[in-house]
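Comments concern the structure below.
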Amino acid sequence: RARGILESKFLELKQKFQQGEVPLPSFWGGFRVSIEQMEFWQGGEHRLHDRFLYQRDDGAWKIDRLAP
281 RARGILESKF LELKQKFQQG EVPLPSFWGG FRVSIEQMEF WQGGEHRLHD RFLYQRDDGA
341 WKIDRLAP
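Under this note's numbering, the first residue of the sequence shown is numbered 281, with each subsequent residue one higher.
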């Protein structure tokens, strides 16, 4: 029931603002997070872990394996 209400409201607002941007309230604020690099670690059995480093390079992601 709650999911249906949420989806209905979403479709209503999507149609209402389809021609332009959604206006922000006057009290709105926030932060923009821009990621330049991110490391992923995946634990494996017997300490055979995988580590990958993703680094942004001219709009694309360069991937380096750090371990093993």
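In this text, a Cβ means the ideal position worked out from N, Cα and C, and glycines have one as well.
Nearest-angstrom Cα separation, counted from residue j out to residue i
i, j, result
"L293", "R312", "24 Å"
"R327", "K342", "25 Å"
"A282", "K296", "21 Å"
"A347", "G323", "11 Å"
"D344", "E325", "22 Å"
"P303", "A340", "31 Å"
"K289", "H329", "45 Å"
Pair within 8 Å by beta-carbon distance, residue i and residue j
i, j, result
"Q298", "Q317", "no"
Simplified DSSP state of residue i, which is helix, strand or coil
i, result
"L291", "helix"
"L304", "coil"
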